[in-house]
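Protein chains in written order, with numbering that gives the first Met the number 0: chain A, 0 to 124; chain B, 0 to 124.
Beta carbons are placed, not taken as given, at the ideal position from N, Cα and C, and that holds for glycine.
Before any comments, here is the structure.
There are 2 protein chains.
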Amino acid sequence: MRIGELARRAGVSVRSLRYYEEQGLLESERSSSGQRHYPEAAVDRVILLQRLYAGGLSSRTIGEVLPCVDRPSSDTSEAAFEMMVGERDRLSAHIEDLLRTRDMLDELIATNRRHNATLASDSAR
Amino acid sequence: MRIGELARRAGVSVRSLRYYEEQGLLESERSSSGQRHYPEAAVDRVILLQRLYAGGLSSRTIGEVLPCVDRPSSDTSEAAFEMMVGERDRLSAHIEDLLRTRDMLDELIATNRRHNATLASDSAR
DNA sequence: CTAGAACCTGACACTGACGTCAGAGGCAAG
DNA sequence: CTTGCCTCTGACGTCAGTGTCAGGTTCTAG
């Protein structure tokens, strides 16, 4: 398929796909006229990339981790595996932090609700 | 206290504090010579700001939400309260997304471990 | 054949919370 | 008074993924 279809099916912009290729994260075959062509599998690949980006991994980090995805065997660099584990831990810590922030927001919301309820019952008298 | 001490105690840079003030998120009294002075409470205020930033809120959004923190009563704009609830929901969705990403990473890690274990036992024969 | 959609490369714009530097003034200790 | 550290304003730099525009080529439907 060509880049436009891939973009639609993976839910990203054409610009992003070209960027991923530039970063070495997505391959394409070129037709004689220079247009990119992708296999079916590219859709899942792009979705995978999106998920890693969503996890806060940078292009560089994704590039260093991808070998573990493409060839999950011990000939895959040990460093890539360690990197992946490290990113998982970083992500876990980040999630914990976000949970704390959400808890704080929940407390603020509850406090506001209480105040409003109090004022409402006051004015109802 | 002056800006340097506040920065140290709240664990942020001096630059950030000035930025927060510029964004209307942090007040300071100025000495006759123009230096900023802060009360004790500023430490907690800055930590609160950091937590909101950590939650992915922008300066503008934080500014719109702060009234709920400073004056949690119904004279606080309804919009500010809605905004806070909206941000909580956005944050929840974001956390869910990160959890999915972490699950994916865990699967990848498990797959790699299995392959390595397999190869190790093969080579042991 | 032709119009229009899709594609190409290259490059600059953007966002936002800062880092960093310059040049100048402020303040406590010796 | 001076040394050295802190602070001030103002302004430009950064990063990274993506938007967007320009100017040109290619594909496809009719």
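Under the 10 Å beta carbon count, Leu-48 (chain B) is surrounded by 16 or more other beta carbons and is classified as buried.
Think of a sphere of 8 angstroms around the beta carbon of Val-68 (chain B): the chain A residues whose beta carbon falls inside it are Leu-107, in chain order. Under the three-pair Cβ rule at 8 angstroms, the stretch 64-83 of chain B counts as touching the stretch 88-107 of chain A.
Within its own chain, the residues whose Cβ lies closer than 8 angstroms to the Cβ of Ala-6 (chain A), once the five positions on either side in sequence are excluded, are Ser-12, Val-13, Ser-15, Leu-16, listed in chain order. Across the set A:Thr-110, A:Met-83, A:Gly-3, A:Asn-115, the C-alpha of A:Gly-3 shows the shortest separation from the C-alpha of Val-42 (chain A). Within the stretch 78-108 of chain A, Phe-80, Met-83, Val-84, Glu-86, Arg-87, Leu-90, Ser-91, His-93, Ile-94, Asp-96, Leu-97, Leu-98, Arg-99, Thr-100, Arg-101, Met-103, Leu-104, Asp-105, Leu-107, Ile-108 place their CB atoms closer than 8 angstroms to a CB of chain B, listed in sequence order. By the neighbour-count criterion, in which a residue is buried when 16 or more other Cβ atoms sit within 10 angstroms of its Cβ, Thr-117 (chain A) is exposed.
The Cβ-Cβ distance between Ser-27 (chain A) and Tyr-37 (chain A) falls below 9 angstroms. Ranked by Cα distance from Leu-56 (chain A), the options B:Thr-100, B:Val-68, B:Glu-77, B:Ile-108 are led by B:Thr-100. Secondary structure note for Gln-49 (chain A): its alpha helix (DSSP H) is the uninterrupted segment 40-53. Residue-level contact by beta carbon fails for Ser-15 (chain A) and chain B, as no gap is shorter than 9 angstroms. Selection A:Asp-88, A:Ser-58, A:Arg-50, A:Arg-1 evaluated against Glu-95 (chain B) yields A:Arg-50 as nearest (Cα-Cα). Identification of chain B residues near Pro-38 (chain A) by a Cβ-Cβ cut-off of 8 angstroms yields none; the smallest Cβ-Cβ distance measures about 21 angstroms.
The Cβ neighbour count for Gly-54 (chain A), taken over all protein chains shown within 10 Å, is at least 16; the residue is labelled buried. For the stretch 4-33 of chain B, the beta-carbon criterion of a distance under 8 angstroms to any beta-carbon of chain A is satisfied by none of its residues. Bounds of the alpha helix (DSSP H) holding Val-68 (chain B) are 58-69.
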